[in-house]
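*Asks:*
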Amino acid sequence: MSAPLTSPVELTPTQAHAAVQRLRGHLEAEIIGQQALIERLLMALLTGGHVLVEGAPGLAKTRAIKTLASGMEADFHRIQFTPDLLPADLTGSDVFRPEDGSFRFQRGPIFHNLLLADEINRAPAKVQSALLEAMGEGQVTVGADSYPLPELFLVMATQNPIEQEGTYPLPEAQLDRFMFHVRVAYPSREAGREILRLVRQEALDEVSAAAAVEPLRQAEVFAARRQVLGLHLSPSVEDYLLELVEASRAPAAYSRELADWVRWGASPRGAIHLERAARAHAWLSTRDFVTPEDVQAVAADVLRHRVLLNYEAQAEGVSSERFVAELLSRVAAP
Ligand SMILES: Nc1ncnc2c1ncn2[C@@H]1O[C@H](COP(=O)(O)OP(=O)(O)O)[C@@H](O)[C@H]1O
Ligand SMILES: [Mg+2]
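Residue numbers for the sequence shown follow our numbering, beginning at 985 and rising by one.
#1: Can you look up Met1119 in the DSSP assignment and give me helix, strand or coil?
#2: Which one of Ala1013, Val1079, Leu1228 and Phe1095 has the shortest CA to CA distance from Ala1062?
#3: According to DSSP, simplified to helix, strand and coil, what is Ser986?
#4: Any chance you could list the beta strand (DSSP E) runs of at least 3 consecutive residues sitting entirely within the region 1039-1082, in chain order?
#5: Is the beta carbon of Lys1045 within less than 7 Å of some heavy atom of ligand 1?
#6: Looking at Arg1290 and Glu1305, is the spacing between their C-beta atoms short of 8 Å?
#7: For Arg1247, tell me which candidate among Tyr1295, Gln1064 and Ile1256 has the shortest Cα-Cα distance.
#8: What is the DSSP secondary structure of Arg1088, counted as helix, strand or coil?
#9: Using a beta-carbon distance below 8 Å, is Val1111 in contact with chain B?
#10: Using three-state DSSP, classify Ala1003 as helix, strand or coil.
#11: Under 8 Å between the Cβ atoms of Pro1171 and Ala1040?
#12: Output the distance between the C-alpha atoms of Leu1311 and Pro1235, rounded to the nearest integer angstrom.
#13: Rounding to the nearest angstrom, what Cα-Cα distance links Glu1012 and Arg1047 in this structure?
#14: So does Ile1016 have its beta carbon nearer than 7 Å to some heavy atom of ligand 1?
#15: Quick one: is Pro1086 buried, meaning 16 or more other Cβ sit within 10 Å of its Cβ, or exposed?
#16: Between Asp1272 and ligand 2, is there a pair consisting of the residue's CB and a ligand heavy atom that are separated by less than 7 Å?
#17: Quick one: residues in its chain with C-beta nearer than 6 Å to the C-beta of Ser986, no 5 flanking neighbours on either side, listed in chain order?
#18: Is DSSP giving Asp1129 helix, strand or coil here?
#19: Report back the beta-carbon spacing between Gln1158 and Ser1113 to the nearest angstrom; my notes put them in contact at under 8 Å.
#20: Can you list, in chain order, the residues of its chain with a C-beta nearer than 8 Å to that of Glu1057? Leave out the 5 residues immediately preceding and following it.
In structure tokens:
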């Protein structure tokens, strides 16, 4: 998210939309339902963000990121997080070379464009923080040297809501590195039927027709990112999103009850992510300006993991979703 965007190709918004729309069509053909997940992956791609996905096993999380990889010019890698994983297993390490007695850095599996960090909460804090630092800095530091990650670097981390035993919950401060926290739900009966049909069809044909899509080029992604950053965002929409973020920390002006529930709200990084996500949402809707509705459409998934509620809220069964929904209903849109 920090490095400036290099190697731009010139694309008109129409060309860039068409290129991204092709990728979206590919994702929608391969993933039945799960619109929220598909959209958030696209928005992360369009802004340099990362996605934390929570959902039971078997809900197409792996399939979603693999399908994203197959529809674009990007390499993909999956890392299963386990209790015995070490930071160096992720980042790589200096390896001794007996030929000349020197050490040379051997890149770890983090050096890929699209990274699936599966069950991130199964690895201890040191490993999580190695990943989250890399996400924040766009580089990996081993010893005295730093190594840049690929310019296109998107992490999709998964968390399983069940089996909390033996897991290491991600610290709040680090959750903040994710642009989105998406919850995936079970498909409807109709979607379930379609999944059966699709997977049966895949077992019959070696390659599905949709898999043969012309890949989105990285240069096209960077061109689209520049357009997203260039959309018009009026001062009143900017104030609105800043007000939402501030109200997540100090909602007393809106409601005594909300103020009694919250321990911790969103940071300036949260505001940056909210702004970028809203821009990406507007861009995907082929608009050249950002509306309050764009902010509202992404607010729940951008803010929920940045809000920490107290025991009182938990005792009353109030979730961070509910808290964010209450905020949205109380803070007046321009
Ligand atoms: N919405 C869906 N669309 C298409 N296939 C699906 C969907 N949900 C589940 N599947 C299928 O179910 C299986 C499990 O999906 P997978 O991506 O491995 O799940 P997860 O990573 O969430 O545990 C795969 O065969 C996948 O094709
Ligand atoms: Mg999986």
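Just so you know, even glycine gets a beta-carbon here, dropped at the ideal spot from N, CA and C. Note that this is a predicted model, so its numbers are computed, not measured.
*Replies:* Looking at the atomic coordinates:
#1: Here DSSP, grouped into helix, strand and coil, assigns Met1119 to helix.
#2: A small fix is needed here, since residue 1062 is Arg in this sequence, not Ala. Considering only alpha carbons, the answer is Phe1095.
#3: At Ser986 the pLDDT is 47, less than 50, meaning the model places this residue with poor confidence and gives no usable figure here.
#4: For the region 1039-1082, whole beta strand (DSSP E) runs of length 3 or above, ordered along the chain, are 1060-1064 and 1076-1081.
#5: The answer is yes for Lys1045.
#6: Cβ distance not < 8 Å, so Glu1305 and Arg1290 don't count as in contact.
#7: Answer by Cα proximity: Tyr1295.
#8: Strand.
#9: Structure shown: chain B not included; a single protein chain is present.
#10: Looking at Ala1003 - three-state DSSP - the assignment turns out to be helix.
#11: When the beta-carbon positions are compared, Pro1171 and Ala1040 stay at least 8 Å from each other.
#12: Rounded to whole angstroms, Leu1311 to Pro1235 spans 8 Å at the Cα level.
#13: Cα to Cα, the separation comes out at about 12 Å.
#14: At least one heavy atom of ligand 1 lies less than 7 Å from the C-beta of Ile1016.
#15: One point to set straight first is that residue 1086 is Ser, not Pro, in the sequence displayed. An exposed status is given to Ser1086, since fewer than 16 other beta-carbon atoms sit within 10 Å of its beta-carbon.
#16: Not under cutoff, so the answer is no.
#17: Here the model assigns Ser986 a pLDDT of 47, short of 50, so the residue's position is not dependable, and the following value carries that caveat. For Ser986, same chain residues with a beta-carbon under 6 Å away, outside a window of 5 residues either side, are Gly1122 in chain order.
#18: Three-state DSSP puts Asp1129 in a strand.
#19: Their Cβ separation, rounded to whole angstroms, is 6 Å, which keeps Gln1158 and Ser1113 in contact under 8 Å.
#20: Only Pro1199, Leu1200, Arg1201 and Gln1202 meet the Cβ criterion.
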